[in-house]
Amino acid sequence: MKKKMKLQTKLTILIIIVVFISISIITFFVASWMNKNIESTAKTNVMNVAEIVANSKPVIDALNKKDPNKEINPYINKQLKNLSEIEYIIVVDNDGVRYSHPDEQKIGEKFVGGDENRVVKEGDRYFSEATGTLGKSLRAFSPIYDTESKEEIGFVCVGTLLQSIGQTKHTAILYIILTSLGAFTIGVIGAFLLAKNIKNSLLGLEPDEITRLYNEKMGILDAMYEGLIAIDDRGKITIINDSALNILHYGNQVDKNQIIGSNIEDFFPTTRLLTVLETGEGEFEKEQRINNTVIMTNRIPIKDKDKIVGAIATFRDKTELTKLAEELTGVKKMAWSLRAQNHEFMNKLHTITGLIQLEEYDEAIQFISDVAKSRNKISGILTKNIKDSYLSAILFSKYNKAEENRVKFKIDENSSITSLPQFMTSEEIVSIIGNLIENSLDAVSNDGDGQIYIKIEQQSEFLKIYLKDNGPGIKKEYRDKIYDQGFTTKEGDRGHGMSIVKEIVDQANGTIKLKVDKGVIWDINIPMLRSE
Numbered sequence: 001m002k003k004k005m006k007l008q009t010k011l012t013i014l015i016i017i018v019v020f021i022s023i024s025i026i027t028f029f030v031a032s033w034m035n036k037n038i039e040s041t042a043k044t045n046v047m048n049v050a051e052i053v054a055n056s057k058p059v060i061d062a063l064n065k066k067d068p069n070k071e072i073n074p075y076i077n078k079q080l081k082n083l084s085e086i087e088y089i090i091v092v093d094n095d096g097v098r099y100s101h102p103d104e105q106k107i108g109e110k111f112v113g114g115d116e117n118r119v120v121k122e123g124d125r126y127f128s129e130a131t132g133t134l135g136k137s138l139r140a141f142s143p144i145y146d147t148e149s150k151e152e153i154g155f156v157c158v159g160t161l162l163q164s165i166g167q168t169k170h171t172a173i174l175y176i177i178l179t180s181l182g183a184f185t186i187g188v189i190g191a192f193l194l195a196k197n198i199k200n201s202l203l204g205l206e207p208d209e210i211t212r213l214y215n216e217k218m219g220i221l222d223a224m225y226e227g228l229i230a231i232d233d234r235g236k237i238t239i240i241n242d243s244a245l246n247i248l249h250y251g252n253q254v255d256k257n258q259i260i261g262s263n264i265e266d267f268f269p270t271t272r273l274l275t276v277l278e279t280g281e282g283e284f285e286k287e288q289r290i291n292n293t294v295i296m297t298n299r300i301p302i303k304d305k306d307k308i309v310g311a312i313a314t315f316r317d318k319t320e321l322t323k324l325a326e327e328l329t330g331v332k333k334m335a336w337s338l339r340a341q342n343h344e345f346m347n348k349l350h351t352i353t354g355l356i357q358l359e360e361y362d363e364a365i366q367f368i369s370d371v372a373k374s375r376n377k378i379s380g381i382l383t384k385n386i387k388d389s390y391l392s393a394i395l396f397s398k399y400n401k402a403e404e405n406r407v408k409f410k411i412d413e414n415s416s417i418t419s420l421p422q423f424m425t426s427e428e429i430v431s432i433i434g435n436l437i438e439n440s441l442d443a444v445s446n447d448g449d450g451q452i453y454i455k456i457e458q459q460s461e462f463l464k465i466y467l468k469d470n471g472p473g474i475k476k477e478y479r480d481k482i483y484d485q486g487f488t489t490k491e492g493d494r495g496h497g498m499s500i501v502k503e504i505v506d507q508a509n510g511t512i513k514l515k516v517d518k519g520v521i522w523d524i525n526i527p528m529l530r531s532e
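So, in structure tokens, the structure goes:
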């Protein structure tokens, strides 16, 4: 089996090729520009020197007299000492006789090259390439004019050998090549380091491994029974699985790929993931309503070191959790209820036994009759007026517990409920009633003087819950804290009941009022109809 090339090797080779091509192109254009620039500079230099010499007064005066004192050549040699890039300066009269030359033996001889006709006949300034006594060179010609008669009396030929220009070009190209090699070496090192950094950022994984892990991750997410949603630091959805869409009743209405990248609030307006993103604090086992579905959710921030880069939520339909809880706790509740009833009736049997032993037969019969009436009355209210079986069960259970604790628990005989408020579940109403009664049972005395009164009334617009006890009430300094998660004045893991009640009532758009008047009075109103 052919071994695949590693990602780091691929990246290194690719970057090296790109760097090589880029540097080669740059080197080519820079070298071309440098060659042209060297030629242009050389032409400019020789022409400037030619014009300076042609306008030099000592040269003009000496040339007018045919230089009897041989002054021109020493003057030219003196100028050449300061001109490193100029090979020769030749001053010639109109007859073509040289008056200066690097080789003094050539002075007085005819000018060689054949390219001087334009400057002699037409007086032009120009460049040419010709082979003279010193070799092939770049020449600049400039006419010499008499200052008085303004007539041409000769010309100046300034030249630099093409071999010197070529050497300058070769030096420049060599410098460019060495610079390019240095840049290429740096590029190769950079390619290796960059490829290594990319590989490390990918945790050393190859592309096929990343693809496999991605497919596995998506398979795991879609196989999860819990819903899962993740967002980035801008509130954009990055991950959502099929279970989340099904739990929130989107199903096949939207494509999962369409949701990814959208704002979380566009699809889930009541989400608290943005709050978690802002605060950086997780929320666990929270009840929430989204798209008319009650869910139990956990929300935590996603952190990169100390920076919050996103948030993630997992959740399940509370209905499913309730079914599981009912299966797990049904037997326990039944046993507790039987124990409470058994304890209660044992006390009543002991009373009846005592009355019979004292031969108080009429009292015994009356006691039995009163107990039967009391049980029938509470049973009648719960079975006839309270149509929700869950609510009837919790009320009956709390009634038995109150009797066991010697607390008078009265359920108003006008209490009535045939249907729950829109979108509210039986578990939510049971949670409200159960927590309120449990708090009252903890507050009132169990010496026979404790009293609890409750009325549940379904009206056309509201479900009203009224509960009153004769306990010590709630201190002023605690009244603003009773809805805080975990706040309690009792020992143990308490302080969750009233926060749950408040959260359920708020989600149902209801109101909850507390009044302290020889005990505690709770007045709760929940609208029967609710907009989504």
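All residue numbers for the sequence shown refer to the UniProt record's numbering, where the first residue is 1 and numbers rise by one. Don't be surprised by glycine CBs; every beta carbon is placed ideally from N, CA and C. Predicted, not measured: the structure shown is a model, and the values here were computed from it.
Three-way DSSP call (helix, strand, coil) for residue i in this model
i	result
Asn263	strand
Glu104	helix
Met334	Because Met334 sits at a pLDDT of 47, beneath the cut-off of 50, its placement in the model cannot be relied upon, and the point is left open.
Tyr390	helix
Phe462	strand
Ser431	helix
Asn298	strand
Phe29	helix
Gly227	strand
Proximity test, Cβ basis, 8 Å: residue i and chain D
i	result
Ser142	The structure shown contains no chain D, having only a single protein chain.
Buried versus exposed, by CB contacts within 10 Å (16 or more), residue i
i	result
Pro421	buried
Ile186	exposed
Gln8	buried
His170	exposed
Lys333	Confidence at Lys333 is low in this model, with a pLDDT of 49, below 50, so the placement of that residue should be treated as unreliable; the coordinate-derived value is given next. Per the 10 Å Cβ criterion, exposed.
Gln459	exposed
Leu273	buried
His249	exposed
Glu151	exposed
Tyr88	buried
Thr131	exposed
Asp493	Reliability fails at Asp493, whose pLDDT of 46 lies under 50, so the model's placement of it is uncertain and no value is given.
residue 535	Past the boundaries of the shown model lies residue 535; the chain is included only from 1 to 532, so the question cannot be answered.
Lys398	buried
Extent of the continuous alpha helix (DSSP H) run through residue i
i	result
Ala140	Element bounds for Ala140: not the alpha helix (DSSP H) but the beta strand (DSSP E), Gly135 to Tyr145.
Thr279	Leu273 to Thr279
Tyr75	Ile72 to Leu80
Pro58	Lys57 to Asn64
Pro207	Pro207 to Ala223
Lys476	Lys476 to Arg479
Lys121	Asn117 to Lys121
Range of the contiguous beta strand (DSSP E) that encloses residue i
i	result
Arg289	Glu283 to Ile290
Thr160	Glu152 to Leu161
Gly310	Lys307 to Asp317
Pro527	Val520 to Pro527
Lys513	Thr511 to Val516
Asp506	Element bounds for Asp506: not the beta strand (DSSP E) but the alpha helix (DSSP H), Gly497 to Gln507.
Ile381	Unbroken run through Ile381: none, as it is neither H nor E.
Leu248	Element bounds for Leu248: n/a, residue is neither H nor E.
Rounded separation between residue i and residue j - CA only
i	j	result
Thr418	Thr511	21 Å
Glu461	Thr353	51 Å
Gly190	Thr211	27 Å
Leu382	Asn400	13 Å
Glu226	Asn470	45 Å
Ile15	Leu194	9 Å
Arg316	Leu228	9 Å
Thr179	Ser22	14 Å
Gln258	Asp266	12 Å
Glu457	Ser392	14 Å
Asp442	Phe396	17 Å
Lys4	Lys10	10 Å
residue 535	Ile295	An answer regarding residue 535 cannot be provided, because it is not within the stretch 1 to 532 covered by the chain.
Asp255	Asn241	11 Å
Leu245	Thr12	43 Å
Ser137	Ser84	15 Å
Lys481	Glu428	22 Å
Tyr75	Ala54	13 Å
beta-carbon residue i near the ligand SAM non-hydrogen atom, thresh 7 Å
i	result
Pro102	As presented, the structure is devoid of all ligands, the ligand SAM included, so that no description of it is given.
Are at least three pairs of beta-carbons, each pair with one atom in the stretch 511 to 528 and one in the stretch 466 to 479, less than 8 Å apart? yes
Any contact between the stretch 223 to 238 and the stretch 252 to 263? By contact I mean 3 or more CB pairs, one from each, below 8 Å. yes
Can you find at least 3 beta carbon pairs, one from the stretch 38 to 55 and one from the stretch 147 to 164, that sit closer than 8 Å? yes
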